[in-house]
Structure formats: C-alpha cells, structure tokens
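In the UniProt record's numbering, the protein residues as written are 1 to 570. The C-beta atom is built at its ideal place from N, Cα and C for all residues, glycine as well.
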Amino acid sequence: MYLGSYLLERLKQLDVDTLFGCPGDFNFGLCDLTDDSPDMTWAGNTNELNAAYAADAYSRVRGFAALLTTYGVGELSAINGVAGAYAERSPLLHIAGFPPLWQYKKHLPVHHSLADGNYMMYVDAARNFACAAEFLDGTPADADRIDHVLRMSVLTRQPGYLAIPTDVMFTEVSEERLKTPLIAPPAYSDDQRRADEALAQRIVDALKKAKSPILVVDAGILHHRLVGAMRKVLDQFRITTFTAPLGKGIANETESYFAGTYIGKQSEEGVSQRVDSADLVLRIGYFPSDNNTGAYSANFPADRLIELNIYQATVLTDAPMRVHRIAHVLEALAASGLPPQNVQVNQPPSVPQPTDDITRQQYLWARFSAFLEPGDIVLAETGTSGYALPNLHLRKDCQVLTQQLYESIGWSVGATVGAAHSVRDASNRPSDKSGRVIVFVGDGSLQMTVQDLSALIRMKARNVIVCVLDNDGYEIERILHGRDRDYNHIVHWDYARLMDVMDPKGEYSKSIRVHNEKELDKVLSELKGDIPLHVLSVSVEKYGVPDMLSVSAKALHEHNAYGYPPEYRD
1 MYLGSYLLER LKQLDVDTLF GCPGDFNFGL CDLTDDSPDM TWAGNTNELN AAYAADAYSR
61 VRGFAALLTT YGVGELSAIN GVAGAYAERS PLLHIAGFPP LWQYKKHLPV HHSLADGNYM
121 MYVDAARNFA CAAEFLDGTP ADADRIDHVL RMSVLTRQPG YLAIPTDVMF TEVSEERLKT
181 PLIAPPAYSD DQRRADEALA QRIVDALKKA KSPILVVDAG ILHHRLVGAM RKVLDQFRIT
241 TFTAPLGKGI ANETESYFAG TYIGKQSEEG VSQRVDSADL VLRIGYFPSD NNTGAYSANF
301 PADRLIELNI YQATVLTDAP MRVHRIAHVL EALAASGLPP QNVQVNQPPS VPQPTDDITR
361 QQYLWARFSA FLEPGDIVLA ETGTSGYALP NLHLRKDCQV LTQQLYESIG WSVGATVGAA
421 HSVRDASNRP SDKSGRVIVF VGDGSLQMTV QDLSALIRMK ARNVIVCVLD NDGYEIERIL
481 HGRDRDYNHI VHWDYARLMD VMDPKGEYSK SIRVHNEKEL DKVLSELKGD IPLHVLSVSV
541 EKYGVPDMLS VSAKALHEHN AYGYPPEYRD
C-alpha cells in the first residue's frame, strides 16, 4: 500500500475520521488519498491557523486529530495553533507537505522557501512545538518514523510532526504493519500495582480522619482523558468538590457535592470560605499556571494537603511517592468503600428577570446555564467568555473547551469547526455521546478568525450555536490596560448579516440579532430540537465583566503594568 494510505489507516486506528487543513502544491498527494478514502472526511478549512485550532478541539473530544498543511507558508501559518495544542496538551499530528527529494538534494531555490538552499528550517521550527518530529526520506524506515511520531504524541499528549516530500507519499509500505498495535500496553508489575494501591489506601485513611475534607480536580485529569475514572471517585466519596478553571467540566455540576470553581485568592467569597474551613484538601491533576491558580495563590499548607498528580503524589507531610499508573489509583479510590459524605452544597444559579435593557453579564450566563442540555460541548473564547465559565452551570456530561493557558484570541472559531466534526464523527459510533456545540466568542476575537464560519456551512453543520458577544471592542484588553485607548476599539460589524455572505440563500444557517435580555430569553426558549447552524449577535454591555474577571481585574491590571511609569499604568 502507499505510504500516505498507511498514514491514513494509522490515523483511523486512533479514531481520527476527519483531516483538517488546506490544500497546497506539496500536499496534493495526501489530499487525493483522503478524497478517495470512504472513511476519511476532508474538513476544508479556510486557512491553516483555523485548521490547527480545529484539530486542537477535535483532539480534545475524540482523543487525537490530524492537520495537513503545505511546505513553509502553510505550516508556518498553522504553527501558532499547534503551539497552543502543545501548551494545552492536545495530541495531534501535523503533516506538512514537502518539495520532492530531488529538489531538496540539489538545494534548488524552490517557491515557499527563502531561496537559500536550506529546506529544513521549517522542520527545525516545528521541532519546538512537537514531542517528536520526523522528515521522511523515502527509505524503508519511513513507516517506523510515522509510528514513532504517532506513538509519542499519544503518550505525551502533545503534537507530533511529519514532513513528507511529494515523491515519498506514494512509496510502497507493507500492509501487514497495520496489524501491529501502535501502542503496546505498558508494563505494570505486581510491585507497582501494590504500591499504587497502598497510596490509594493512604489517601483513604487520611480522608477518614478528616472532619471537613474537600476535593479539587484540575486539568491533568482532562489532559490524560481520565474524566470517567475521576467521576467514579467523586460519586463514591461525595465530599465537597471544586474544579480549577482549567478543570471545568470534570465534575458533574448537577450533583449535590459540587461547590464551584476554586481560583486561589481570586475565588468567590463563598468558595473561599469553604476552602479555608477545610481541614484536608485532596487535589488531583494540579496544573499550576497563573490563570488557573489566581496568580499562583492556590496554595495550601503541607499538613492539610494531599497532592495526587499523574506521576507523583504527596500525602500530607510524607515524602513524595511515585505514581505508576494513576488510572489504577483512581480505580482503587473508587473501590475503597469509603463511606460517602453526601454533602449538600450545590447552589445552581437562579435566572434574573429579563429586562428591556442591553444584556448584562449576570443575566447572560445565568440564562445560558438554564439553556444547556446534557452532553453539550461548550466552547469559550479567551477573554470575558473564558472568565465567565465559573458562572456557567453545566448539565450532566457537558464538555468545556477553552484555551485559558495559551490564550490565542480567535481560537474558538476554528475550534468550533473541530468540535462540530467530532460530534458528527461520534454519531457514526453508537457508543459515543454527542450533543450540541455552543460557542461564546467576543466580537474582537471573531474578527480574527471569522472565515471558518464558512467551514461550518461547508459541512452543513447542525445543532451548532455561535453566540457573538458584541460589546464593541476588545473588552478583556480594556480591563487589563488602556480602557479608552483607540487600540482597544474595533470596526463594528453587523454580525447578524455575516451568513448572508457565506450562506446567501440561507440554506444551512440562520442569524438572529439580539438587542436585549427579553429578546435573548425568547430566542433561547425557541431554540429546540434539531436546528441548523445559528449565529446569535448578542449586544452586551460595554465595560461589563463576569464576576471572576471583576475579582481578578486588579491583579491582572497590576501584572500588565509592571515596569510602566505612572502615566502609563492605566
């Protein structure tokens, strides 16, 4: 079989049914093979950056993704999105088309290069944002190189990279190789199992002695696809449970034990009181980034803290212990027989009465909390939408996709395409759950990547709702610095008419302009059943911010004014 066909089959073994990217003259071969494959869909993104964002989101839902770009100009356009996936621990394969070997060997000044004979500079650039990167040179080792990159990407939960010359794509590879699993089950000795079970028992013993324990679940659980195992622990223990911002969606927020989002000193008052009064904190999957910890303030004294992470654990003041297989530790915790506490701390938000005024942040998130359904996939753009997530109360089995670590604004638009394809692909697998895709994106962010709304039209997406928060500018930047500066203003678009350009006959989409809270309430009340793509242009108050951002604003503002003279600190 062809090398390119082998690559596609390996991707299918990783549950990849869609290839994101843009065609180019050095990747046409894989485009053709994809087009001829009955089991692989070509997404057809509008640019490589959006394609990378889409692959990132698809990976978070499905477990892996693939992205195809052309040499130089295409792969450099994608590299920002790939870097975001690297930071956010989203495993995917970035495939870059490459000039034919004969040109490469002669160092000819080919187009898309810098005409200096150096063909490998883009490969070298990609290595900075890949767990493994390989150049395929047409030798028998190429299939091994493909397997190596895919294997490393799966194991490290980060992107891998392949550069494939045009005349290598159709070299022959033995189909028998596909029978060898990409990833063999890791060795797990009896001693390692017993050590992990002893760790679990040590944690249970500490919980039994505690009078007011709490549990904080964090992003490491998402990164390593351990949500199912984690929820079994939560349902067994039923102790007061918080999520960190990057762990949003791990806990079932309809359960009585869910108590909100813990963000260190930037937490809401009720959250802070419960956390401060706890005599034991069990934190699992800790991810210590600034936005996830309230500017590094999510700290606990060692004699009150049990830290269980992917490869290491610390129980109170004991010496750190190695975690051999965290999935087994979680299984042991869930099966420990620890009597559930059955705490009743959940306080779902009530929806204020809608007014005829422009939509307030408080109303927006409370009303959408009531609108959500079990299994929905929620995407929140960097900015006010991301900071509002603690105010969004999820239904059972909802999944949240954000980029709150890397924070490249505009990410959510391309990511929506990836999420929509993941839902469509899941519908072909009865065991997979799928719901609606709902994205919250600010007007400034939308203008960065708006083109990929047409990729949703291309796929005839259904049950996708794009909520454009129109506050006439870069709101988060206004909060951080330069509240009334010209650089934080943008040209105002008529967002409700965007689809007139992309779907002029209105065959696959509907756009609605929402001026006030009563209109929003009415629109959401009517969005039921199987619906086409909807774009809601929601006018929201200028300078209005979610609760979390109000709490964080001072620290964020001071951080962004470090080193500035007094006249430039506002």
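- Task: Between the Cα of T261 and those of Y387, G138, D235, spot the shortest distance and give me the residue it belongs to.
- Result: Y387
- Query: Does the distance from the CB of I377 to the CB of L401 come in under 9 angstroms?
  - Reply: yes
- Message: Taking DSSP's pairing of strands, which residues face C467 in a bridge?
- Response: The beta-bridge partner set that DSSP reports for C467 consists of F440, L536.
- Cβ-based neighbour list, P532, same chain, cut-off 7 angstroms, excluding 5 preceding and 5 following: Answer for P532: R462, Y508, S509, K510, listed in chain order.
- Would you check if there are 3 or more beta carbon pairs closer than 8 angstroms linking the region 435-452 to the region 290-297? The region 435-452, when compared against the region 290-297, does not touch it at the 8 angstroms Cβ threshold.
- Task: Thinking S385 and G442 are a contact (beta carbons under 8 angstroms), I'd like their distance in whole angstroms, please.
- Result: About 6 angstroms separates the beta carbons of S385 and G442, which is inside the 8 angstroms limit, making them a contact pair.
- Query: Run through DSSP, which three-state label would Y262 get?
  - Reply: coil
- Task: Measure the alpha-carbon distance for Y495 versus S539 and round it to whole angstroms.
- Result: Y495 and S539: Cα-Cα distance of roughly 10 angstroms.
- Interface flag, Y161 vs chain C, CB-CB below 9 angstroms: Protein chains in the displayed structure number just one, and chain C is not present.
- Message: Residues in the same chain with beta-carbon distance under 6 angstroms from K460, minus the five sequence neighbours each way, listed in chain order, please.
- Response: Y508
- Query: DSSP state of A251, grouped into three classes?
  - Reply: coil
- To the nearest angstrom, how far is it from the Cα of L480 to the Cα of T171? 54 angstroms
- Query: DSSP on I183, reduced to helix/strand/coil?
  - Reply: coil
- Under the three-state DSSP convention, the category E307 falls into: strand
- Item | Any beta strand (DSSP E) of 3 or more consecutive residues that is wholly inside the region 61-111 | 66-69, 93-98
- Message: Considering just the uninterrupted stretch of the alpha helix (DSSP H) at G160, what are its terminal residues?
- Response: Per DSSP, G160 belongs to no alpha helix (DSSP H); it is in the beta strand (DSSP E), 160-165.
- Message: When you compare the region 181-189 with the region 299-307, are there three or more beta-carbon pairs, one atom per stretch, that lie closer than 8 angstroms?
- Response: Judged by pairs of C-beta atoms under 8 angstroms, the region 181-189 does not touch the region 299-307, as fewer than three such pairs exist.
- Message: Within 10 Å of its beta-carbon, does S431 have 16 or more other beta-carbons around it, so buried, or fewer, so exposed?
- Response: Here the model assigns S431 a pLDDT of 48, short of 50, so the residue's position is not dependable and the matter cannot be decided.
- Just to confirm, are V130 and Y406 a CB contact at a threshold of 9 angstroms? The sequence as given places Ala at residue 130; Val does not occur at that position. For A130 and Y406, no; Cβs fall outside 9 angstroms.
- Who does S509 pair with in a DSSP beta bridge? L533
- What first and last residue would you give for the alpha helix (DSSP H) that runs through R283? That residue, R283, is in no alpha helix (DSSP H); its beta strand (DSSP E) goes 280-284.
- Query: Among E175, D276, D190, V168, which has the Cα closest to the Cα of L215?
  - Reply: D276
- Query: With a CB to CB cut of under 8 angstroms and the five nearest residues on each side skipped, what residues in its chain are close to P565?
  - Reply: Once the five neighbours on either side are set aside, P565 has no close Cβ partner at all.
- Query: Going by Cα to Cα distance, which pick from G63, M321, Y6 is closest to D196?
  - Reply: Of G63, M321, Y6, the residue nearest in Cα terms is M321.
- Message: Our contact map puts Y161 next to A133 with C-beta atoms below 8 angstroms; I'd like the distance itself, whole angstroms only.
- Response: 4 angstroms
- Query: Once you ignore the five residues that flank C31 on each side, which residues in its own chain have a CB closer than 6 angstroms to its CB?
  - Reply: P23
- Determine which residues share a DSSP beta bridge with V400 and list them. V378
- Given a cut-off of 9 angstroms, decide if D137 and L101 are closer than it, judged by their beta-carbon atoms. yes
- In the DSSP assignment, find the alpha helix (DSSP H) that holds G21 and state where it starts and stops. That residue, G21, is in no alpha helix (DSSP H); its beta strand (DSSP E) goes 18-21.
- Task: Have a look at the DSSP bridge pairing and note the partners of E134.
- Result: L162
- Limits of the unbroken alpha helix (DSSP H) element including V523: 517-526
- So which of T70, L92, N252, V468 has the shortest CA-CA distance to V61? L92
- In the structure shown, what three-state DSSP assignment does P213 receive? If DSSP states are grouped into helix, strand and coil, P213 belongs with the strands.
- Can you check DSSP and say which residues form a bridge with Q312? Paired residue(s): R322.
- Query: Which residues mark the beginning and the end of the alpha helix (DSSP H) in which F368 is found?
  - Reply: It spans 361-371 - the alpha helix (DSSP H) in which F368 sits, taken as one unbroken run.
- Query: Are M169 and G29 close, meaning C-beta to C-beta below 9 angstroms?
  - Reply: G29 is positioned such that its CB atom lies closer than 9 angstroms to that of M169.
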